[in-house]
Structures are given as structure tokens and as C-alpha cells.
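Student: For what it's worth, UniProt numbering labels the leading residue of the sequence shown as 1, then goes sequentially.
For each residue, glycine too, the CB sits at the ideal point set by N, CA and C.
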Amino acid sequence: MCLFYIIWHSPFVSEQRLEDSAATIDRYGERLKVNLESNSTGENLTERERDQLLMAIEERIVGFLYQIPDYSYISSLETYLQYRPKLLEQFPSAVPLEKDNFTITSNYGIRVHPITRKEKKHYGIDLATTPGKKVYASASGTILDILYSKKGYGTHIIIKHRFGFETLYGHLNKVLVRKGQTVDQHEIIGMVGNTGNSTGYHLHYEILKNQVKIDPLASFDLKKKIYDELFMGNLETEGEK
Ligand SMILES: [Zn+2]
1 MCLFYIIWHS PFVSEQRLED SAATIDRYGE RLKVNLESNS TGENLTERER DQLLMAIEER
61 IVGFLYQIPD YSYISSLETY LQYRPKLLEQ FPSAVPLEKD NFTITSNYGI RVHPITRKEK
121 KHYGIDLATT PGKKVYASAS GTILDILYSK KGYGTHIIIK HRFGFETLYG HLNKVLVRKG
181 QTVDQHEIIG MVGNTGNSTG YHLHYEILKN QVKIDPLASF DLKKKIYDEL FMGNLETEGE
241 K
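1) Cα-Cα, which of Pro114, Pro131, Tyr148 is closest to Asn101?
2) Confirm the yes/no value for this check: CB of Ser219, any heavy atom of ligand 1, distance under 8 Å.
3) Under 8 Å by Cβ, that's how I've got Leu18 and Tyr80 pegged, so tell me the actual separation to the nearest angstrom.
4) Around the Cβ of Gln67, are there at least 16 other Cβ atoms within 10 angstroms (buried) or fewer (exposed)?
5) What first and last residue would you give for the beta strand (DSSP E) that runs through Ser106?
6) Classify Ile188: buried if its beta carbon has 16 or more other beta carbons within 10 angstroms, exposed otherwise.
7) When you measure from the CB of His156 to every non-hydrogen atom of ligand 1, does any distance come out below 8 Å?
8) Taking Leu144 as the reference, give the member of His156, Val62, Lys179 with the closest Cα.
9) Counting C-beta neighbours from all protein chains within 10 Å, is the total for Ser149 16 or more, i.e. buried, or is it exposed?
10) Classify Arg84 as helix, strand or coil using the three-state DSSP reduction.
11) Taking 8 Å as the cut-off, is the CB of Ile125 close to at least one heavy atom of ligand 1?
12) Would you call the segment 106-116 in contact with the segment 154-165, where contact means no fewer than 3 C-beta pairs closer than 8 Å?
13) Ligand 1 heavy atoms versus the CB of Ser106: any closer than 8 Å?
14) Does the Cβ of Gly170 lie closer than 8 Å to at least one heavy atom of ligand 1?
15) Answer yes or no: the CB of His204 versus the heavy atoms of ligand 1, is any distance below 8 Å?
16) Flag this pair as touching only if the segment 162-171 and the segment 204-214 have three or more C-beta atom pairs under 8 Å; answer yes or no.
17) Taking only three categories from DSSP, how would you classify Thr142?
18) Is the beta carbon of His122 within less than 8 Å of some heavy atom of ligand 1?
19) To the nearest angstrom, report how far apart Leu203 and Thr142 are at their CA atoms.
20) Need the endpoints of the beta strand (DSSP E) that Leu203 sits in, please.
21) Which of the three DSSP states, helix, strand or coil, is assigned to Thr182?
Here it is in C-alpha cells:
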């Protein structure tokens, strides 16, 4: 029992264990889908079964969200997230700028640095836009740090979110929050700038998961994707929004 607790709550779990969890959650998802199809005939029994299913997987999902190393495992949660879309507000699931108001100029991964000309790993995504555009928190959380540097990320904000996620917003012109403040998802935290090691107005955006910098790209459309599926009319959420 004790060992089980340690394994389940440790953020460092084996890939096999994660695959197993993902497979279990997939099976629950399938059962939810089957339940929904029979539910369209309006039987109360299946409704009750669905609630039981959701309760049974609730804790499992929360544990899974803490353990996953990156977004590649999120797809097994999609059916479930349609029932608990509020979870999407608690971890990075949206673009930190206004939609269609930016261009991705540099992705996560190895690149030739625009200033040093050396090959180096880029730990975030660069979103180029015009000066003074608003920067939004990509999830609810607490402002962990605000740093004013002349080098590197320049003026930047770090937010701590639930499930072991953190986000970093670099090269800002203006900071509109203070350290320790809690923010909602989509709340304005600052303005796009060109501070630090930067060759033009852009936001350098990073996601850290369990202290490791991961590719943020898959998070950008996540919330939109789940809500699109919700509004397709395939599902009823009853009290959830
Ligand atoms: Zn960058």
C-alpha cells in the first residue's frame, strides 16, 4: 500500500507505467462513449453508470496529469476532458496572445541562434507580433517570479500552475501583475516587448512540466479542440461548462 502510494504520487514514473495508465484511461473513455450512445435513448440507468464511471476515474486522471512528462499523453484524456473542461483552465491549454495576431518565428528544438549564430536548443516558442500586444496567462495559477534582466529573457514572468506545470513569458515591455498574485486563465499579465537578447518584438513562451522544458505547441489548440468537440452537440455536460 505504502509502495503503491509512492509510485502513484511520484512525478518520475516509468514510460511503461504511463502507457498502462493511458491505456486504462482509454478504456474508460471508450466505456463513456458507449454509455453516451445508449444514454441518448434517455435511460436513467446509464446516466447513473456514467456518473459512477466519472467518479471512478476522477482521481486517476488527476494523478495522471501530475505524472505525464508532456502533451503527448493528453489525447487519452480527451473524452474525459469534455466532461471536466474546467480542468483545461488549470494547465496550459491556450495561446498566450490574441488569436491570429502573431506569427510563430521559432519553434521549440535545435536552431541556429539569431544573435550568436551557433546551434543551440531553443526551449520555447517565439511568437512575433507588434509592440504592446497584450500577453495572457495560458492557465490559472500564481505568479512565481518576475525578473527584470538586460540579457537572456529580458523582462519575464513565470507562473506556477496545477499538475506540475509552469509557464514563462519573455522579452516583455510591461508587467501588469505582481509576485504571489493569483491569475485566471486568459487574464492579461503584461505587454509584448523586445527586452533582453531579442532581435525584434516577440514573446518567448515556455512550458515547464515537472521542472523540464517541453514543447508548448500541442497546448495551443487544446482547449479550443475540446470545446469544439463539446459544441458539436455530441455530448451533454449537465451543469458543466
Ligand atoms: Zn525564444
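Tutor: This is what the structure holds:
1) For Asn101, the closest of Pro114, Pro131, Tyr148 by C-alpha to C-alpha distance is Pro131.
2) No, Cβ of Ser219 sits at least 8 Å from all heavy atoms of ligand 1.
3) Going by Cβ atoms, the distance from Leu18 to Tyr80 rounds to 16 Å, so no, they are not a contact pair.
4) So Gln67 ends up on the buried side.
5) Looking at the DSSP string, the run of the beta strand (DSSP E) that includes Ser106 is 103-106.
6) Exposed is the call here.
7) Relative to ligand 1, the beta carbon of His156 is positioned no closer than 8 Å to any heavy atom.
8) Among His156, Val62, Lys179, the Cα nearest to that of Leu144 is on Lys179.
9) Within a 10 Å sphere around the beta-carbon of Ser149 sit fewer than 16 other beta-carbons, which makes this residue exposed.
10) Residue state, collapsed to three classes: coil.
11) Yes, the Cβ of Ile125 comes within 8 Å of a heavy atom of ligand 1.
12) No, because fewer than three Cβ pairs between the segment 106-116 and the segment 154-165 fall closer than 8 Å, the two stretches do not touch.
13) Result yes, Cβ under 8 Å from ligand 1.
14) In this structure, Gly170 has its beta carbon less than 8 Å from a heavy atom of ligand 1.
15) Flag set: Cβ of His204 near ligand 1.
16) Judged by Cβ distances under 8 Å, the segment 162-171 makes contact with the segment 204-214, as three or more pairs qualify.
17) Under the three-state reduction of DSSP output, Thr142 falls in the strand class.
18) At least one heavy atom of ligand 1 sits closer than 8 Å to the Cβ of His122.
19) Approximately 20 Å, taken between the alpha carbons.
20) Residues 202-209.
21) Residue state, collapsed to three classes: strand.
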